[in-house]
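Heads up, the sequence shown is in mature numbering (1 follows the signal peptide of the UniProt record, and there is no 0), so the first residue is 2 and it goes up one at a time.
Ideal Cβ placement from N, Cα and C applies to all residues, glycine included.
Note that the coordinates shown come from a computational prediction; the quantities given were computed from them, not determined experimentally.
Comments concern the structure below.
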Amino acid sequence: GGDAPAAGGGAGGDDDAIVMGFAQVGAESGWRTANTASIQQAAEEAGVELQFSDAQQRQENQIQAIRSYIQQQVDVIAFSPVVETGWDTVLQEAKRAQIPVILTDRAVDSQDDTLYETFLGSDFVLEGEKAGEWLVENTQGEDQVNVVELQGTTGAAPAIDRKEGFESAIADAGNIEIVASQTGDFTRSGGREVMEAFLQSQPDIDVVYAHNDDMGLGAIEAIEAAGKVPGQDIRIITVDAVKDGMTALSEGKINFIVECNPLLGDQLMELAEQVVAGEEVEKRVLVEESTFTQEQAAEVLADRQY
Ligand code: AHR
2 GGDAPAAGGG AGGDDDAIVM GFAQVGAESG WRTANTASIQ QAAEEAGVEL QFSDAQQRQE
62 NQIQAIRSYI QQQVDVIAFS PVVETGWDTV LQEAKRAQIP VILTDRAVDS QDDTLYETFL
122 GSDFVLEGEK AGEWLVENTQ GEDQVNVVEL QGTTGAAPAI DRKEGFESAI ADAGNIEIVA
182 SQTGDFTRSG GREVMEAFLQ SQPDIDVVYA HNDDMGLGAI EAIEAAGKVP GQDIRIITVD
242 AVKDGMTALS EGKINFIVEC NPLLGDQLME LAEQVVAGEE VEKRVLVEES TFTQEQAAEV
302 LADRQY
C-alpha cells in the first residue's frame, strides 16, 4: 500500500492488491473503447488496482506514462504500444526496476525479448490474410480489381501486419491491384478524408480495404457523399467487427469483416497475477477470432457486446 511502497510494491489502497499501470494507445476507435472497458472491468473483478492512462496515439505520452509507473513502483506494467519501434530504453528502465511488463494487443519490434514477459494479442498478419483471401474468392473471373487501402497508424503493428497479410493473400490472384494506399490513422475522420482524396485521384475504385471498421465507416460517408453506393459500386472490407461495423455489414454497406477481438481484459489480469507471482507464462498468447459475411452479421448483431 501507499505508505510502504517498498514492501507492497504498489501505489495504493488494499495492501495485497496487485497494482497495474496500463498505458493505453488512445480512444481512436470503437475497438479501442471496447478494449479499455474490458480492461477496466476485468481489473475491478480481479481486484487489481488499475492506474490507467490514455496516450492520445502519441508514443512520447506512452513513454512518459510508463516512466511514471516505474517511479510509482507498480507491481506490473501493461501497455499497447502505439508504434512498433523505439521502446528499448524505457523497457530497460522497467527491467532495471524489476517491474514485469506485459504487451497487450500490439507488439514491439525489439531484438531483446527479455524486455517483456509476454505478448497477449491477435495475429494481425492472419487477419490481413483472411481479408485478402475473401477478396480473391469473391472476385474470381473479374478482369481487373482496383483496391484502395486505408492503412492504420503508420508504424503500428496492426497497420504493418494487416498490409503484409493482405498483400501476400492477393499476390497470386493476378487480377487484384492495390492502386493507392494511405494512412487514415485508425479513425473515422481519417478514413473519410483519405477516401475523399482517393475518390478525386482514382478514376476507377472497385474495393476499399480498411485496416479497421472506423476508417471503413468514414469511407462509407465519403462514398455516399460522392453519389456512389457503398457495398455495391465500391465493395468494402474491414477489420474489427465492432457494433457499428457489424451494423453497416448487415445493411449491405460493408461486404466482409475480419474479426479482431478487443476483450482482452480477463486474460490480461490472469497473466498479471501469474507474472507478479513469479510464474512462467507463455511468451505469446493468441486471441481467437473469426470473420463475418453480411448474412452472418445480421444473425449475431443482437448479441454483440461492443
Ligand atoms: O491494435 C488494434 C487496432 O487498433 C484495432 O484494429 C483498431 O481499431 C485500433 O485502433
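Closest to residue i by CA distance: which of the options is it?
i: S291; options: Q72, E130, V84 and T86; result: E130
i: F257; options: E85, A47 and H212; result: H212
i: T86; options: I78, R189, D76 and S111; result: S111
i: A299; options: D267, K244, K284 and E281; result: K244
i: P204; options: N147, L151 and T248; result: N147
i: V195; options: I71, I221, G266 and V240; result: I221
i: T239; options: G153, I40 and M270; result: G153
i: W88; options: A38, Q60 and V75; result: Q60
i: V286; options: D55, S123 and E50; result: S123
i: T119; options: Q297, P159 and Q275; result: Q275
With a threshold of 16 other CB atoms inside 10 Å of the CB of residue i, please say whether the residue is buried or exposed.
i: A303; result: exposed
i: R305; result: exposed
i: A172; result: exposed
i: M21; result: buried
i: S190; result: exposed
i: G246; result: buried
i: Q25; result: buried
i: G31; result: buried
i: A98; result: exposed
i: Q201; result: exposed
What residues are listed by DSSP as bridge partners for residue i?
i: A181; result: V149
i: F80; result: A24 and L104
i: E50; result: V20
i: F125; result: DSSP lists no partner for F125.
i: D55; result: Q25
i: P231; result: I235
Is there at least one non-hydrogen atom of ligand 1 closer than 8 Å to the beta-carbon of residue i?
i: D89; result: no
i: V26; result: yes
i: F187; result: yes
i: G31; result: yes
i: D110; result: no
i: G166; result: no
i: R285; result: no
i: N213; result: yes
i: V240; result: yes
(message) So within the stretch 236–293, which uninterrupted alpha helix (DSSP H) runs reach at least 4 residues, ignoring any that extend past its ends?
(response) 244–251 and 266–277
(request) Please specify which runs of the alpha helix (DSSP H), each continuous and at least 4 residues long, are wholly inside the stretch 166–218, giving them in chain order. (result) 189–202
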